[in-house]
Structure formats: C-alpha cells, structure tokens
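Residue numbers (the numbering used here), protein chains in the order written: chain A, 0 to 334; chain B, 0 to 334. Every residue gets a Cβ at the ideal spot worked out from N, C-alpha and C, and that includes glycine. Only a predicted model underlies this, so the values are computations on that prediction, with no experimental measurement involved.
2 protein chains.
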Amino acid sequence: MKLSEIGEFGFIARMARPFAADLPPNVKGIGDDCASLPWTKKERLLVTTDMLVEDRHFLRSGISARDLGYKSLAVNLSDIAAMGGRPRWAFLSLGIPAGIELDWLDDFFRGFREAAGPAGVVLLGGDTTKSPDRLVVNVAVLGTVRSGREKLRSAACPGDVVTVTGCLGDSGIGLGVLLNGGPRDRDEERLLRAHNRPRPHLEEGEWLASRPGVRAMMDVSDGLDSDIRRIMEQSKVGADVALDRLPLSPTLVRVARRRGWNPIESAAVGGEDYCLLLTVEPSRFKLLAAAFARRFGRPLTAVGTIRTRARGLRYFSNGRTARLEGRGYDHFRIL
Amino acid sequence: MKLSEIGEFGFIARMARPFAADLPPNVKGIGDDCASLPWTKKERLLVTTDMLVEDRHFLRSGISARDLGYKSLAVNLSDIAAMGGRPRWAFLSLGIPAGIELDWLDDFFRGFREAAGPAGVVLLGGDTTKSPDRLVVNVAVLGTVRSGREKLRSAACPGDVVTVTGCLGDSGIGLGVLLNGGPRDRDEERLLRAHNRPRPHLEEGEWLASRPGVRAMMDVSDGLDSDIRRIMEQSKVGADVALDRLPLSPTLVRVARRRGWNPIESAAVGGEDYCLLLTVEPSRFKLLAAAFARRFGRPLTAVGTIRTRARGLRYFSNGRTARLEGRGYDHFRIL
C-alpha cells in the first residue's frame with residue numbers, strides 16, 4: 000500500500016494503535032496537540048514536538064535565519080497554547096548543512112530566544128549534527144497546565160459554537176505571495192511576516208482554558224478545513240461552517256483582490272495561522288465573547304456550529320450550502 | 000567565523016550560554032546526557048533527544064528499516080541509562096521522502112517497538128511529514144530517576160577508577176566493514192549488528208546508580224577518546240587511559256587482524272558502543288566490580304584513572320606513554 004493512499008492522519012493512527020493499549024488511564028498520547036502526563040498534584044505535563052525540513056516547510060531564501068529560529072519554537076508554543084497550558088522548557092535538534100555558518104546560526108538563536116523569552120521558555124537541551132544538504136530543525140517543548148483545565152480536541156458537543164481567536168488566511172496568502180516570487184508591496188510584506196513570524200496565542204489559550212463553557216480546543220496549523228476535521232474525528236461530531244463569517248484581515252482582502260485569489264478559500268484552507276480554534280457551550284458564548292473582546296481587544300469570532308456526527312462537515316455561505324475548491328493540508332497527500 | 004573552527008561542542012556551549020542564566024537551581028540543562036527536572040517527591044524527570052539524518056548517521060542501503068527503528072530509540076534509551084534512569088515515554092518525528100512506502104514504515108515501527116517494549120517505553124506522540132529526499136528521524140525520550148541517584152558527567156574526582164560496562168569498538172569496526180563494502184563473513188555480520196542494533200545498558204545504568212562509589216557516568220556514543228573529554232570538561236579533571244586494558248571482543252580482534260585495522264585505535268575512537276563509561280571511588284571499585292560481574296556475568300573493566308585537570312588526557316600502553324592516530328567523533332570537524 001502507498002503512504003499517499005492512507006494520508007498523514009491514517010498513517011499516524013496506524014502507527015499509534017499498537018502503543019495505545021499500553022497507556023495508563025491518566026496519560027494521553029497521540030491524537031491531540033500535545034501528549035499529557037501527570038506532573039505535580041495541581042498540574043499536568045504537556046509535551047509536543049515539530050519537525051521542519053528545508054524545501055518542505057521553508058525555503059532558506061524565503062525566511063531569515065532569525066525568523067526561522069523564532070518560528071521553529073513558536074509553532075510548538077502554539078500547541079501548548081491549544082491545550083490551555085504554559086510552555087516551560089524547549090529541546091532543539093539541528094541538522095546543519097555545509098554552507099551554514101556561525102553568523103547564520105547566531106541569528107537563528109537570536110530569533111529562537113525572541114520566541115522563548117516572552118513565553119518564559121528555557122532551552123534545556125537538544126542535538127546538533129551535520130546534515131548532507133538540507134537544514135532540519137526539530138523542536139520539542141514541555142509545558143504545564145492546571146489539572147482539569149487541559150483542553151482536548153475530543154470535547155466538542157453538538158450545538159457548540161465553533162469559534163476562532165484571530166484572522167484566518169494571512170499566513171497562507173503570505174506563503175502564496177512568497178512562492179509567486181516578484182516584488183512585494185507593504186501589504187504583502189505584512190502577510191509574509193504573518194507566515195514567517197506567527198504569534199502563538201498563549202495568553203488567549205490559558206485565559207480561555209480558565210473560563211466556563213470552553214469545550215474542545217486546538218490550534219489552526221493545517222488550515223481550518225483540515226483542523227475542524229480533527230475535532231470532528233476526536234469528538235465524533237459533525238460541523239457546519241459559515242464561510243461568509245470567517246474573519247479576514249483587511250490586508251488579506253486587499254492582497255487577494257489585487258492578486259485575483261479567493262480570500263475565503265485562502266482563509267479556509269490556508270494553514271499556519273496559529274490562532275486557536277475552539278468550541279463553546281452555546282449558552283456561554285455571548286458572555287465569553289464579550290469578556291474576550293474586553294481582555295484582548297479583538298473579537299472571538301463565531302464561524303460555525305457543532306452538529307451530530309451523521310451530518311459530517313458542511314459549508315454554508317449567506318445561508319446557502321457552499322463548497323471549497325481546495326483542501327486543508329495533508330503532508331502526504333498534497334505536493 | 001566558521002562552524003568547523005569551534006566544533007560541535009564549542010557551538011553547543013556558545014548557544015547554551017544565554018539560556019544558562021535562566022535556569023532555576025533544581026533544573027539541569029545542556030551539558031549532560033539528559034536534561035533533568037524536578038518531578039514527583041521521590042523522582043526527577045530526564046529528557047533527551049537525538050536526530051538521525053540519512054547519509055550522515057545511516058545509509059538506507061546499510062541498515063534495515065527494522066534495525067533503524069530499533070536504533071533510533073535505543074540511542075536515546077542509552078542516554079537515560081547514562082543518568083541511572085528508567086525510560087518511560089517516547090516522541091518520534093519522521094521526515095519521510097518519496098519512495099519510502101508503508102511496508103518499510105511498518106518494519107521501522109516494528110523495530111521501534113522492539114526497543115520500546117522490553118524497556119517499558121510507550122510512544123506518546125511526534126510529528127510526521129514528507130522530506131524532499133532524505134529520511135530524518137528525531138526521537139525524544141522522557142524518563143525518571145530516583146532523586147539523589149542521578150549520575151552526571153561532572154562528578155568525577157582525581158583518583159577515581161575509569162571503567163566501562165562493555166566491549167569497545169565493535170560498532171565502529173562494524174561501520175568500517177559496512178563502508179568498505181564487499182562480502183562479509185559471520186564475524187563481520189556480528190559487528191555490523193553491534194552497529195545497527197546496539198543494546199542500551201539500561202539495567203546496568205540503574206543498578207550502578209544505586210551502588211555506593213559510582214561518581215560520574217555517561218554513555219559511549221562518540222567514542223571513548225571523545226567521551227572521556229566530556230567528563231574531563233564537566234568535572235574539571237584530567238585522565239590517564241591504559242590503551243592495553245580496553246576491553247576488546249574476540250570477534251573484533253579477529254576481524255581487525257584480517258582487515259589489517261588497529262583494534263585498539265578502533266576501540267578508543269570508534270564510537271556508538273552505547274555501553275557506559277563511569278568513574279568509581281577507588282576504595283569501592285573492587286567490591287563494585289565483583290558485584291557487577293555476579294549480577295551481569297560480565298566484567299566492569301578498569302581502563303584508567305582520573306587525574307587533576309592540569310594533567311590533561313594521557314594515554315598509556317603497557318606502562319609507557321602512547322598516542323592515538325585517530326580522534327573521537329565531532330559532528331562538525333570530521334566527515
């Protein structure tokens with residue numbers, strides 16, 4: 000059988016199965032943004048890891064060493080945010096090809112520290128080695144979360160409001176601009192920056208995890224269209240998503256219009272936004288959204304509703320059924 | 000400045016420095032086989048990570064998928080053994096090039112489970128992605144160690160006996176045989192197996208950590224000549240090593256003789272033996288070695304003595320000063 004036939008998520012499920020039986024009931028393994036383990040009396044330990052391979056996840060010509068160092072850590076911090084936790088310690092493995100010199104690495108570490116410092120994260124270890132040609136970066140992050148506050152993908156219930164903590168699509172359009180080459184205007188530079196230097200929603204995640212009514216949570220890494228399916232699978236539910244309600248930044252709308260790209264498609268399948276996608280008990284949503292807006296000065300945008308499993312994923316636009324042309328990112332199906 | 004001018008260990012020191020100031024006193028970061036953190040009242044948490052890049056750490060033609068899966072985990076388990084700990088949870092990141100299919104990955108996971116099962120390790124998460132051409136494997140392992148039993152590289156004292164828990168050089172000669180190509184006899188296959196399927200000395204490590212008199216400990220991964228220098232740096236000591244006392248397997252002696260290779264050089268610089276290198280209070284060594292031989296049916300071999308820092312590293316052979324031609328492995332200096 001071909002790997003592409005079962006896809007990334009099918010592969011992970013296949014490999015995880017033999018280990019699932021060995022898990023003690025208080026340990027959560029594969030299937031969420033982080034694994035989670037008992038820690039102290041009041042806290043649980045979260046662990047996440049991400050690998051970035053040159054020419055697959057980034058082009059060395061398309062991102063500065065400093066931004067790459069920042070992003071390598073930030074994408075892992077986002078996984079901790081998605082569980083409602085606080086990141087604490089990082090481990091960095093670097094496969095370094097010939098031609099990368101100390102100045103480049105110093106900049107990489109400068110960026111890494113720019114992500115680590117404000118988040119209170121300390122680098123505790125890792126591995127450095129040469130790589131035959133491509134740069135490889137693997138980061139693992141350990142964090143903690145108050146027991147009982149941990150947010151999982153599996154907690155969504157029919158009726159829940161589906162909501163996101165930030166605009167969608169900026170990062171995806173930023174990548175599109177980069178891959179299309181040519182000169183970039185100020186708007187386009189801004190979207191490229193959203194792609195190269197995503198802000199993990201750490202404060203938002205911890206705050207949301209402390210509020211009543213927040214059920215399932217995860218970060219938007221593969222794109223809303225792909226990520227909502229993860230919540231559907233883990234929670235055994237369906238979802239209706241209103242494409243006309245996806246929050247779009249004015250910058251994205253301007254750039255998409257000029258380039259002739261579909262802004263809503265980009266927002267739905269773009270990926271790497273690293274805001275949070277969550278479901279909220281319907282009776283609690285209004286109060287929560289108001290408190291969120293007061294606390295963060297930005298809206299918590301309702302983009303859909305959780306339904307029963309039989310309904311599957313349905314898109315709407317202005318109240319009518321709609322469909323997407325593209326699909327969310329699957330590492331083994333696309334490219 | 001060139002990376003090769005400061006070498007792997009200089010680079011690690013340079014990058015670790017800005018983070019060292021942020022470490023609370025009960026957290027141990029970069030500089031040992033594992034990082035170590037407070038865990039429960041009675042235990043500390045150990046974390047280690049290792050990256051393997053195709054054509055750098057392995058040739059896909061030189062190791063079976065099953066052995067590679069086994070080895071990817073085993074080298075990390077060895078780091079836990081080196082601290083006297085017990086491994087518990089593993090995280091696996093895989094960068095998978097086109098052309099690797101599901102059968103190959105099933106075999107890889109079979110080998111991974113063969114290392115995990117007997118060690119009581121459960122796979123809790125990771126990351127899977129495509130890689131443009133080369134296979135990349137990053138494993139992180141979390142383990143635990145009884146508080147107070149954790150063994151560090153920094154605990155060696157002048158006068159200590161330097162000792163190893165297994166034969167040296169089998170893995171290095173196994174690699175030499177592989178790289179030379181051509182047909183292999185049974186002896187050579189055995190050494191290649193030592194290279195492709197190293198046994199982490201987990202029971203030995205935990206047992207040694209529980210005995211009085213064991214001071215510094217680490218695993219032999221880069222080769223005795225390189226690894227003893229790590230103990231010297233961390234403990235601020237020197238060392239005398241008796242090359243004529245290095246434990247050599249009869250298989251290694253036979254193969255080296257036939258191939259015209261120097262068995263003692265191979266044992267001193269070979270690397271990837273994954274036995275343990277430790278220093279022992281001199282008054283305790285005799286009893287410890289006798290108990291080790293009873294428990295494991297193999298000797299704990301004395302190969303040298305820790306000296307004051309000013310002495311540096313000195314090699315002896317049959318009581319006379321000696322020197323090595325080769326050097327231990329440094330990822331940025333040797334290719």
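One finds 127 in chain A with Cβ atoms closer than 7 Å to the Cβ of residue 11 of chain B, taken in chain order. Look at the beta carbons and you see the stretch 159-173 of chain A touching the stretch 185-201 of chain A: at least three pairs across the two are nearer than 8 Å.
Against chain B, the CB of residue 34 of chain A has a partner CB under 9 Å away; the residue lies at that interface.
A Cβ-Cβ separation of about 18 Å leaves residue 245 of chain B out of contact with residue 215 of chain B under the 8 Å criterion.
One thing to note: residue 310 of chain B has its Cβ within 9 Å of the Cβ of residue 239 of chain B. Between residue 14 of chain A and residue 122 of chain B, the C-beta spacing is below 9 Å. For the stretch 45-74 of chain A, the beta-carbon criterion of a distance under 9 Å to any beta-carbon of chain B is satisfied by 46, 47, 48, 49, 50, 51, 52, 53, 54, 55, 56. When DSSP assignments are scanned along the stretch 209-283 of chain A, the uninterrupted stretches of alpha helix (DSSP H) that are 4 or more residues long and fall wholly within it turn out to be 223-234, 249-258, 262-268. The beta carbon of residue 82 of chain A does not come within 9 Å of any beta carbon belonging to chain B, so the residue lies off that interface.
For residue 139 of chain A, the neighbours in chain B by C-beta distance under 9 Å run, in chain order, 46, 48, 90, 92, 137, 139. In this structure the stretch 127-137 of chain B does not lie against the stretch 249-269 of chain B, because fewer than three pairs of beta carbons, one per stretch, are closer than 8 Å.
Within the stretch 136-199 of chain A, the beta strand (DSSP E) runs of at least 3 residues that lie entirely inside it are, in chain order, 160-163.
In this structure residue 42 of chain A touches residue 143 of chain A by the C-beta definition: roughly 4 Å separates them, less than 8 Å. Straight-line spacing of the CA atoms in residue 188 of chain A and residue 271 of chain B works out to 47 Å. C-alpha of residue 232 of chain B to C-alpha of residue 263 of chain A: approximately 58 Å in a straight line. Assignment of residue 50 of chain B by DSSP, reduced to helix, strand and coil, places it in the strand class. Between residue 127 of chain B and residue 11 of chain A, the CB-CB gap stays under 9 Å. Judged by beta-carbon spacing, residue 90 of chain B lies beyond the 9 Å limit of residue 44 of chain B, meaning their Cβ atoms are not closer than that value. In the three-state reduction of the DSSP assignment, residue 99 of chain B falls in the coil class, being assigned neither a helical nor a strand state. The Cβ of residue 29 of chain B sits closer than 9 Å to at least one Cβ of chain A. Using a 10 angstroms sphere on the CB of residue 147 of chain B, the tally of other CB atoms stays under 16, which defines it as exposed. At a cut-off of 9 Å between C-beta atoms, residue 226 of chain B does not count as an interface residue with respect to chain A. Look at residue 132 of chain B: its C-beta is under 9 Å from a C-beta on chain A.
Within the stretch 212-236 of chain B, no residue has its Cβ closer than 8 Å to any Cβ of chain A.
Counting along the chain, residue 131 of chain A sits inside no alpha helix (DSSP H), nor does DSSP assign it H or E at all. Here residue 25 of chain A has 37 as same chain residues with Cβ atoms under 7 Å from its own Cβ, once five neighbours each way along the sequence are excluded. The C-beta of residue 41 of chain B comes no closer than 9 Å to any C-beta of chain A. Contact between residue 155 of chain A and residue 5 of chain A does not hold, since their C-beta atoms are separated by about 25 Å, which reaches or exceeds 8 Å. DSSP links residue 41 of chain A through a beta bridge to no other residue. Using a C-beta cut-off of 8 Å, the stretch 269-286 of chain B makes contact with the stretch 74-81 of chain B, since at least three inter-stretch Cβ pairs fall below that distance.
Counting along the chain, residue 302 of chain B sits inside the beta strand (DSSP E) bounded by residues 300-307. The criterion of a C-beta distance shorter than 9 Å is satisfied by residue 28 of chain A and residue 124 of chain B.
As the crow flies, the alpha-carbon of residue 79 of chain B is around 16 Å from that of residue 111 of chain B. In the three-state scheme derived from DSSP, where H, G and I count as helix and E and B as strand, residue 21 of chain A is classed as coil. If you check the CB distance, residue 166 of chain B and residue 299 of chain B do not come in under 9 Å. Listed along chain A, the residues sitting closer than 8 Å to residue 21 of chain B by beta-carbon distance are 121.
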